[in-house]
Each structure stands twice: as C-alpha cells, then as structure tokens.
C-alpha cells in the first residue's frame, strides 16, 4: 500500500493544488533535446492559478501554458517522478508516437522532460516529469453527461460509441492498448466557429482520447481489472444510464434504448464472438442503430421551440432563449434587484417567473456564450427555486386530509430545506466551473470541502456516497442531498417513521458558514428566489 501511495500525489500536494496556488510566470522543461521555456497562463495579478483541481488526477495535474519561443498554446501535464522509476517518460512518448496520423483521435505528447518542483509545493521531490501536448478546447465526456443542460440524445450516444470503438481498433492495429480508458479520458472537442460554414458544421461531434500515461504494448500483462473493450462497455453503460434517466428522451426512443442495451449485454457475454464474429460486426451494429434513428419520426422534444407556447417562464428549458427574450428596461426593474427581501406579485403571465429566472446565477453562468458579467453586476448571488416543480407536485397530497400538514410540519420544513440547499449547492458548483465566476466569488475546493463537512454534521448518518474523482465533489454532494429528499418523500407517502429532521435555522446556519469560509460572500448577499410561492401552487396549510 505504501508503494502505491508513493506513486501518487500526496494529500498535502492535492490540497495545495486545489487551493489556487501561487505559481511562477514560467518554467523550463529539460531533456536531451535541450531546454524549452513555457509561460503559465490563467494566473491572476498575484500569480495564483484557479481551477487546477479540475485538471488533477491521482498522479499529476495539467496547466495551460504558452511556449515562449513560438506563442503556441499547449497543455503541460506534470506527473510525480516515482511513477517513472521503472520506465522513462521517453519510453512513454515513443509508444505514443506509434499513434501519429490518427486525425486528432489521440492527443500525442509533443515534448517530454523534467521540470523543477514549484516553490511552495509540498513534497521532497526535486523535479517532476512533464509532457507537453495539444491544449483541447472542450470538456470530458463525463462532464458533458453530468451537465443538466447538455444535449445527450441517441445520435450523440451512437457517434461517441463509434468513435471510441474506432480508437480502440486503431490502438490494436498499432499493437497497443490504452489501459486507462474511461469517460473522464474522452474529450468532446468544441469546433472553432471560424471553421464552420453552416449550423450543421458547428454541431459535428469529434472526440479525442487523452492521458497516454498507461499506454502499453497490446500483449503486455496488466494488473488492471478492465481491458480497453471492457472499458468501452463501461462507458456505453454510463451513456445508456444517462439516456434512461432523461425519461423524456428514453420514452421518445424506446427501440433505440432497448437496442443499445442489447448491444451492451451481447458485448459483455463471455462468448461475445457468437454475436460479433468479425471485426466489422460490432461497428456495423452500432451504425445500423444510428441509421434506424433516421426512420423514426422526430419526437416533440426536437421540434423548433416557440417560447410563447410555454405555460410560463419556468418551463423555458433553454436559459439562452430566456435571456434573449428578457426586457430589462422596465422602470421598476432596478427596485426589484435591490438586495433586500421583496414580494413580487402580479397576474398570471406578467413575467414574474421570467424575472426570477433572470436573477438566478445559474441562468447566466450556464449559457454559451456566457453572460456571467451580467450576473456579477446584480450584486447578489441568486438561487432559483420553482415551488410549482419542487413543492406543489410533491406535497399537494398532504393538504387533502385535514390536520395532516400540521402533523407533518417538521418533515415538510425539512423537505423544503433539502430542496433549497440542493439548488444552492448546484448554483455554487456552476459558479465554480466557470473560471471568471470562480475568481469573482473566491471559490476554492478546500472552502467547498469545509462547507460540505459542515452540512454533513446536520445528519445523523453519513449521506455522502462514493464518487468518481473527476466529478466535482459539491455537485455530487448536491445529488446526495436530492437522494435524501426523495427518500424523505417516499417515507412520508408510505407513512414510515422519519429518522431525521432539520432545524428551522438550517439554511441560515449554512449561508453563515459559507460567508465564513468564502469571505467574498460576506459582501455578496445570497438571495433565494422562491417562484410561485402562493396559495395557487402551495396550499396555505403547507405554507404555514
């Protein structure tokens, strides 16, 4: 166990990197080819670099850099030297060079060498291994799938599956295996808009496989529990589950969902050659699934959206559409935006929900191109809660029986606070994922970790579940909170004993803790935007 730990970043190093460390303006990569100097990008005026924690693995981390001589932008992957005691970085680069000519399907190191340990970085190592490779504009497949607003449809699933399969077969043709293939190592490239002639060009999907640190010759024995093909099955299973969770899509394409699931089951068979006797059989089956999609009548979901067909603004799924429709020249607009408690009333359809959605941090931070500068100009951090969606639909049954709301008052209060804290944590996570907002609000991983630990103390049992390291912890914790909310709802419906409750001061305690851990929030009020908190949506007995 100690030997394994020595080949990874220590916890002290991980904490240092996560807490926006101060880094030098440049560093030098030394190798037998000579030295090369690179400028570290994304440093603030104090030399601090935020967001490294999002680009950190078990054995290293990635910096965005610029080559001093050429001005070219690269990714510098810096790894612990202990992982290269039995092999050198040049052996790894030599293996990766066998994949040249892959049309961007793999990210190949352009240079390898050693860099000195950064000043202030914990640890006893004098130097680290460094790989210089292409900087990819985009996001990982895992990040895309966990994004609430991302368009994950059957066509996307087919294209990604086909391209990963091509990558595996290309590796095998070169006598290699990736040996660490997971959806956190699959990048979804963002196409440069200047290279797109049409809207269809902009939507063309390309992936790149990153992290060549585990690349091996195909016949070499490995201690990994999954080979590349089993890793593909795992990725396909994840994609299937994402589609399945998005019930509107799954119900629109039932034949695809069942067909894709059948493919996964056949691939996982010990004697899978019964189903795929030739190398072409599997890609042909996936391509056929995609071709079958074209013969299916497009569901209502893909019909061009007409905003005024929506019942209200809370049903506008696309934040970009909402922002384009918003009119901010109303004479009373500035009064509503003052950071003080306010009750906004008006007839149905007058724009109350649209205003509340506009005031939410997530609305501006989740759009492309980003409009976070508008959010930051609001001088508060808005958290939107739809009472129609989260309270009316779940609690309406309580008011049907006299006195039941009074009997369940503590559980109703707890349910409400779980809804609010979930949306609050998700909003914080969205802000952290945006580099500008992260710097503006002073968000750090260590600060969010302490906030999570503080919230966890309010529950009698440990509620945080295991997560993949590439998923933001606070976003995963918000999902854990939501699982607790769902369990509470089921316990209420089935009249089971409730084993926990939250105090009436819970939300106030949490926001106070946030201001203490992240001082910027001491100057920026947190505003909870309760949309449709009226007797039409939430019964007066439940409100009471």
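Residue numbers (my numbering): 12 to 555. For each residue, glycine too, the CB sits at the ideal point set by N, CA and C. Just so it is clear, the structure is predicted and the values come from calculations on it, not from any experiment.
Buried versus exposed, by CB contacts within 10 Å (16 or more), residue i
{"i": "residue 197", "result": "buried"}
{"i": "residue 157", "result": "buried"}
{"i": "residue 260", "result": "buried"}
{"i": "residue 165", "result": "buried"}
{"i": "residue 290", "result": "exposed"}
{"i": "residue 184", "result": "exposed"}
{"i": "residue 253", "result": "buried"}
{"i": "residue 541", "result": "buried"}
{"i": "residue 458", "result": "buried"}
{"i": "residue 27", "result": "buried"}
{"i": "residue 239", "result": "buried"}
{"i": "residue 20", "result": "buried"}
{"i": "residue 79", "result": "exposed"}
{"i": "residue 496", "result": "buried"}
{"i": "residue 206", "result": "exposed"}
{"i": "residue 163", "result": "buried"}
Selection from the options that minimises the alpha carbon distance to residue i
{"i": "residue 273", "options": "263, 248, 288, 258", "result": "248"}
{"i": "residue 424", "options": "243, 299, 237, 518", "result": "518"}
{"i": "residue 302", "options": "71, 390, 169, 520", "result": "169"}
{"i": "residue 135", "options": "535, 18, 282", "result": "18"}
{"i": "residue 181", "options": "116, 165, 209, 521", "result": "116"}
{"i": "residue 154", "options": "193, 32, 428, 80", "result": "193"}
{"i": "residue 507", "options": "242, 542, 455, 419", "result": "419"}
{"i": "residue 63", "options": "446, 474, 498", "result": "446"}
{"i": "residue 29", "options": "36, 224, 455", "result": "455"}
{"i": "residue 539", "options": "203, 515, 21, 367", "result": "367"}
{"i": "residue 112", "options": "140, 421, 178, 504", "result": "178"}
{"i": "residue 150", "options": "65, 133, 100, 90", "result": "65"}
{"i": "residue 103", "options": "126, 127, 140, 422", "result": "140"}
{"i": "residue 432", "options": "354, 520, 33", "result": "520"}
{"i": "residue 280", "options": "354, 47, 241, 460", "result": "241"}
{"i": "residue 460", "options": "288, 421, 528, 287", "result": "528"}
{"i": "residue 483", "options": "275, 276, 504, 444", "result": "444"}
Beta-carbon contacts of residue i that lie in its chain and below 6 Å, excluding the five residues immediately before and after
{"i": "residue 221", "result": "118, 196, 198"}
{"i": "residue 437", "result": "489"}
{"i": "residue 217", "result": "200"}
{"i": "residue 42", "result": "124"}
{"i": "residue 270", "result": "300"}
{"i": "residue 233", "result": "190"}
{"i": "residue 278", "result": "244"}
{"i": "residue 142", "result": "88, 120, 123"}
{"i": "residue 426", "result": "499"}
Residues near residue i in its chain [Cβ-Cβ closer than 8 Å; skip 5 each side]
{"i": "residue 187", "result": "106, 109, 110, 226, 227, 228, 229"}
{"i": "residue 83", "result": "77"}
{"i": "residue 530", "result": "453"}
{"i": "residue 428", "result": "513, 517, 518"}
{"i": "residue 6", "result": "Absent from the structure is residue 6, since the part of the chain shown begins at 12 and ends at 555."}
{"i": "residue 173", "result": "294, 297, 298, 301"}
{"i": "residue 167", "result": "216"}
{"i": "residue 176", "result": "243, 293, 294, 297"}
{"i": "residue 70", "result": "18, 19, 20, 90, 91, 94, 224"}
{"i": "residue 515", "result": "424"}
Own chain partners of residue i with C-beta closer than 7 Å, once the 5 adjacent residues on each side are dropped
{"i": "residue 524", "result": "462, 465"}
{"i": "residue 393", "result": "370, 371, 372, 538, 540"}
{"i": "residue 494", "result": "none"}
{"i": "residue 25", "result": "67"}
{"i": "residue 34", "result": "51, 54, 58, 60, 129"}
{"i": "residue 138", "result": "92, 125, 126, 127, 128"}
{"i": "residue 522", "result": "537"}
{"i": "residue 219", "result": "115, 116, 117, 118, 147, 198, 200"}
Residues sharing a beta bridge with residue i, DSSP
{"i": "residue 542", "result": "397"}
{"i": "residue 75", "result": "86"}
{"i": "residue 370", "result": "The partner list for residue 370 (beta bridge, DSSP) is empty, contrary to what the question assumes."}
{"i": "residue 41", "result": "46, 125"}
{"i": "residue 227", "result": "188"}
{"i": "residue 219", "result": "198"}
{"i": "residue 67", "result": "72"}
{"i": "residue 112", "result": "In DSSP, residue 112 forms no bridge with anything."}
{"i": "residue 233", "result": "Residue 233 pairs with nothing; no bridge assigned."}
{"i": "residue 1", "result": "The chain is shown from 12 up to 555; residue 1 falls before or after that span and cannot be answered."}
{"i": "residue 572", "result": "Nothing can be reported for residue 572, as the shown portion of the chain is limited to 12 through 555."}
CB-CB length for residue i against residue j, believed under 8 Å
{"i": "residue 485", "j": "residue 533", "result": "With a Cβ gap of about 19 Å, residue 485 and residue 533 do not count as contacting."}
{"i": "residue 470", "j": "residue 511", "result": "6 Å"}
{"i": "residue 3", "j": "residue 363", "result": "It is not possible to answer for residue 3, since the shown part of the chain is limited to 12 through 555."}
{"i": "residue 73", "j": "residue 31", "result": "About 15 Å; that fails the 8 Å criterion."}
{"i": "residue 121", "j": "residue 95", "result": "Contact doesn't hold; Cβ gap of about 18 Å is too wide."}
{"i": "residue 245", "j": "residue 237", "result": "7 Å"}
{"i": "residue 492", "j": "residue 502", "result": "Not a contact, Cβ separation roughly 16 Å."}
{"i": "residue 133", "j": "residue 276", "result": "Rounded, the Cβ-Cβ distance is 47 Å, inconsistent with contact."}
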